[in-house]
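First to last, the sequence lines map onto chains A and B. Under the numbering used here, the first residue of the first sequence is numbered 1, with each subsequent residue one higher. Under the numbering used here, the first residue of the second sequence is numbered 1001, with each subsequent residue one higher. Here a beta-carbon is modelled for each residue, glycine too, at the ideal position from N, C-alpha and C.
2 protein chains.
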Amino acid sequence: MASPFTDFALMSDLSQEGGKIVLLVMDGLGGLPRTPGGRTELETARTPNLDRLAAAGSLGLSVPVRPGVEPGSGPAHLSLFGYDPLRYLIGRGVLEALGIGFALQPNDLAARGNFATVDGDGFITDRRAGRIPTEACIRLTAKLREASAGLFDDCELFVEPVQEHRFVFVLRGEGLGGELTDTDPLAVGRKPLPVRDESGSGAGARAAELVNRWVAHARRTLADEPRANSLNLRGLAQDPGLPQFGDIYGMRAGAIAVYPMYRGVASLVGMEAIRFEGERPRDEIDALAGAWNSYDFFFVHIKKTDSYGEDGDFDGKVAEIEAVDEQIPRIEALGPGALIVTGDHSTPAVLGSHSWHPVPTLLWSPRAMPDAGGQFGERACAAGQLGVFHATTLIPQAMAHAGRLKRFGA
Amino acid sequence: MASPFTDFALMSDLSQEGGKIVLLVMDGLGGLPRTPGGRTELETARTPNLDRLAAAGSLGLSVPVRPGVEPGSGPAHLSLFGYDPLRYLIGRGVLEALGIGFALQPNDLAARGNFATVDGDGFITDRRAGRIPTEACIRLTAKLREASAGLFDDCELFVEPVQEHRFVFVLRGEGLGGELTDTDPLAVGRKPLPVRDESGSGAGARAAELVNRWVAHARRTLADEPRANSLNLRGLAQDPGLPQFGDIYGMRAGAIAVYPMYRGVASLVGMEAIRFEGERPRDEIDALAGAWNSYDFFFVHIKKTDSYGEDGDFDGKVAEIEAVDEQIPRIEALGPGALIVTGDHSTPAVLGSHSWHPVPTLLWSPRAMPDAGGQFGERACAAGQLGVFHATTLIPQAMAHAGRLKRFGA
């Protein structure tokens, strides 16, 4: 609402020391009723602890990108961190590299790669090379790595498998940049395109030339493969150099996430990844407790709510929400100044996909205005004190509740 | 989300004659429950008249600056008047001068002054001169006025007491301006700083030179004082020359307020102060009735709700809200086209301070969409027709209800 977005200069001016803040993100939290007149996943789940916090805290609905816009995971998280995702763009190549836990460095040029099939004249007959198995992807990326060794004097390159026909390509060296186009013509029956630089910069020209050289070399290496005899690169991009979380909010931030992609997005804004063993919510709260004294702000990411939603598994998503609820008293016991429980976007099991629906959000703090109702769910959130708000304004609201913002003006 | 702020050009295009509007501001109206599960100040107060209006009107929660940002009184009122307080800044010196009712003229340069103690080498030992009593402040400002008489040929100067160690300094003359730094180093053990101009303008250079000359002269005058043997100036500023209320909305506006500061902020946007006797809500409504035929828009400011909140006096705040409620039928009897009842910000008695919580707001009009519930309180407002909205959009909504806005487009 209001200014849809957080004003970084204002935050930096007003921030001060205060209580610790926990941002607990259940990925894809928002849902839809399974049957007409029924309850959503969150409303169905038995969540006595979240309901107790809802009775003592403020509720609302969060809009991640713009009303009606279904977000990808990258922009949805950026928005929760306060960054308007229309202004701060992360290239697809960077997200793909973060997704496999690749330790991307600031100047690295990363691309999403697809193995493809071409005919004898070089026309694409299958943009996904028949969705080769992941084992084949692993073998082919190793083959490309070996064949590419020593190709460039002054650049390092990385070819890493992802899944099926997908891989990550990273070029590391000085003076790379530009705005680089894709090689994928996005249709069969056409030839792959050369990479062009649209920035007109020297760094862009150099990057385009190196990438085109590698692509030609790689295609020659793959020529004898039956299906994956070619490849395409998409979303060539670098770390966008985002304003850093600590500079904006004056908080040292730690990230707790099972999946590398979310640690990766957090690292782009300057959060430190907190390492831990295990994959369950209780393991993540163990990590939270262990790192409690080292940070001011904690981003805790629960993945499986989204996975179950994507799988159309309503009951699985309900059970995962209940598993998170069980951990809530352990977070409370740490004594946060403010605790946010929300999602990055909605993933209703009945849709089996991310959706644009605004996301149920709970902001608990000893200084919160308690909402009526006492249940954490989509319908209760629609009548809450926080209203329907842009996700970028959530951290400032939590900071206020944790005593971390000075007064504006006299 | 929508568009954040009021578009002045749009208002100016659409405004037309219509019913009268009353903006009744109970300063610091928003509160918090005194005990868990309890009611806020507004929910506790017996307000049969406001509740009746709530049942016939629309409710919502107002965000003065940005979500999470605790406002000072100046920015909070500007926002209610429709001015985004991040865009329209009022310098601290101007607010201080307005606060004592100083009749600031457009080019006046005003500063907040603090008497201070320095040691024999000029290092500050107490930035507040031991918080000297206000009587001493009155004596010292008189001494400075006398000693400064005739110091400048072409400028007038004013030194006015405020409270304890605080005073107001105003320089009046042609060609003053710039962006002037403070003399206060904000720490003991340091020497006061010279005023510098950061605008690079001729007016800034001239103003800095004159202010520095006066400061040096004033410090010599104070040298024999035991405690207040020096002074600092902060927030040197001029009337920011805000767009005028009448030009934007096409309404002639009168301001009714007991405290000079609020008449002052209103005067900055071009409202006329309506003079009256007495300090109680009924006295203010007497003034409203008396001036009813002279204005289109009335800003009525009730101070004591905030004062009680700041004092942590829950019951006092409740009683003041009830005293305002008693006056509501008298406002209704005047036949306004729209009546807004709101606060400039929240001042929960349990916090004893301004806060960032959005402000309960009631918009009554014969043409309002009535909300369910029939009680004026924070929780009812969260579920109201107006939603959670930026304070700058309140006057346009009231104008619509009073028939003062033409249709936009065909």
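What is the rounded straight-line gap between the Cα of residue i and the Cα of residue j?
{"i": "R1263/B", "j": "G1352/B", "result": "24 Å"}
{"i": "K20/A", "j": "T1342/B", "result": "32 Å"}
{"i": "G1309/B", "j": "G374/A", "result": "27 Å"}
{"i": "Y295/A", "j": "I302/A", "result": "19 Å"}
{"i": "A319/A", "j": "E326/A", "result": "11 Å"}
{"i": "S1003/B", "j": "T1392/B", "result": "Bear in mind that the predicted position of S1003/B carries a pLDDT of just 46, short of 50, making it unreliable; the figure below should be weighed with that in mind. The straight-line gap from Cα to Cα measures roughly 11 Å."}
{"i": "R417/A", "j": "R206/A", "result": "What the structure shows of chain A is the stretch from 1 to 410, and residue 417/A is not part of that stretch, so it cannot be assessed."}
{"i": "V1069/B", "j": "A289/A", "result": "29 Å"}
{"i": "F5/A", "j": "K1406/B", "result": "30 Å"}
{"i": "M1001/B", "j": "A228/A", "result": "In this prediction, M1001/B has a pLDDT of 35, which is less than 50 and means its spatial position is unreliable; nothing more can be read from the coordinates."}
{"i": "T1361/B", "j": "C1381/B", "result": "7 Å"}
{"i": "S1267/B", "j": "I1274/B", "result": "11 Å"}
{"i": "P1194/B", "j": "L1098/B", "result": "25 Å"}
{"i": "G1177/B", "j": "A368/A", "result": "43 Å"}
{"i": "A1147/B", "j": "T1141/B", "result": "10 Å"}
{"i": "W1292/B", "j": "L1010/B", "result": "27 Å"}
{"i": "R1046/B", "j": "T1347/B", "result": "19 Å"}
{"i": "K304/A", "j": "D1311/B", "result": "48 Å"}
{"i": "L1109/B", "j": "L1236/B", "result": "6 Å"}
{"i": "P1133/B", "j": "D51/A", "result": "52 Å"}
{"i": "G1377/B", "j": "V1324/B", "result": "15 Å"}
{"i": "R422/A", "j": "F314/A", "result": "With chain A covering only 1 through 410, there is no way to say anything about residue 422/A."}
{"i": "A1398/B", "j": "L1080/B", "result": "12 Å"}
{"i": "L1061/B", "j": "G1093/B", "result": "31 Å"}
{"i": "L1042/B", "j": "P48/A", "result": "30 Å"}
{"i": "V1022/B", "j": "V1300/B", "result": "7 Å"}
{"i": "Y83/A", "j": "T1221/B", "result": "53 Å"}
Going by the DSSP bridge assignment, what does residue i pair with across the sheet?
{"i": "A111/A", "result": "F169/A"}
{"i": "I1155/B", "result": "A small correction: the amino acid at residue 1155/B is Cys; Ile does not occupy that position in the sequence shown. BP columns for C1155/B point to G1173/B."}
{"i": "T1392/B", "result": "In the DSSP output, where bridge partners are listed per residue, T1392/B has none listed."}
{"i": "Q163/A", "result": "R166/A"}
{"i": "I1340/B", "result": "L1023/B and L1363/B"}
{"i": "I100/A", "result": "None, per the DSSP bridge assignment."}
{"i": "R407/A", "result": "None, per the DSSP bridge assignment."}
{"i": "P48/A", "result": "DSSP output for P48/A lists no bridge partner at all."}
Check this for me: beta carbons of residue i and residue j, under 8 Å apart or not?
{"i": "S58/A", "j": "L363/A", "result": "yes"}
{"i": "F115/A", "j": "K191/A", "result": "no"}
{"i": "A187/A", "j": "R196/A", "result": "no"}
{"i": "E277/A", "j": "A255/A", "result": "no"}
{"i": "V63/A", "j": "V388/A", "result": "yes"}
{"i": "A1402/B", "j": "G1337/B", "result": "yes"}
{"i": "Y88/A", "j": "L78/A", "result": "yes"}
{"i": "A1349/B", "j": "G1031/B", "result": "yes"}
{"i": "S73/A", "j": "D344/A", "result": "yes"}
{"i": "R1039/B", "j": "D371/A", "result": "no"}
{"i": "F169/A", "j": "A76/A", "result": "no"}
So with CB distances below 7 Å, who are the chain A contacts of residue i?
{"i": "L1242/B", "result": "The premise fails here: L1242/B is roughly 14 Å from chain A at the closest Cβ pair, so nothing lies under 7 Å."}
{"i": "V1065/B", "result": "F408"}
{"i": "L1095/B", "result": "A410"}
Taking Cβ-Cβ distances shorter than 7 Å, what residues in chain B pair up with residue i?
{"i": "M369/A", "result": "L1032, H1357 and E1378"}
{"i": "A372/A", "result": "R1379"}
{"i": "G387/A", "result": "L1061, G1387 and V1388"}
{"i": "D7/A", "result": "R1066 and L1086"}
{"i": "L78/A", "result": "By Cβ distance, chain B contributes nothing, its closest Cβ being about 17 Å from L78/A, past 7 Å."}
Just the chain A side, please: which residues come within less than 9 Å of residue i by C-beta, in chain order?
{"i": "E1070/B", "result": "L14, A400, L405, K406, R407 and F408"}
{"i": "D1075/B", "result": "In the sequence on display, residue 1075/B carries Pro and not Asp. Under the 9 Å cutoff, chain A gives F408, G409 and A410."}
{"i": "R1128/B", "result": "In chain order: nothing, as chain A lies at least about 17 Å away."}
So with CB distances below 8 Å, who are the chain B contacts of residue i?
{"i": "L61/A", "result": "Residues of chain B passing the Cβ test: none, with the nearest at roughly 10 Å."}
{"i": "T393/A", "result": "R1066, P1067 and G1068"}
{"i": "G384/A", "result": "A1382"}
{"i": "A56/A", "result": "P1036"}
Going along chain A, which residues have a C-beta under 8 Å from residue i?
{"i": "H1354/B", "result": "R407"}
{"i": "L1351/B", "result": "R367"}
Determine the chain B residues that contact residue i at a beta-carbon separation under 9 Å, and present them in chain order.
{"i": "P396/A", "result": "R1066, P1067, G1068, V1069 and W1356"}
{"i": "Q10/A", "result": "Per the sequence shown, residue 10/A should be read as Leu rather than Gln. Here the neighbours are V1065, R1066, V1069 and L1086."}
query: Do the region 100 to 110 of chain A and the region 156 to 166 of chain A make contact, defined as three or more Cβ pairs closer than 8 Å?
result: yes
- request: Would you check if there are 3 or more beta carbon pairs closer than 8 Å linking the region 1241 to 1255 of chain B to the region 1004 to 1023 of chain B?
  value: Cβ pair count under 8 Å is three or more, so yes.
- request: Would you check if the region 1207 to 1222 of chain B and the region 1240 to 1249 of chain B touch, i.e. whether three or more CB-CB distances between them fall below 8 Å?
  value: no
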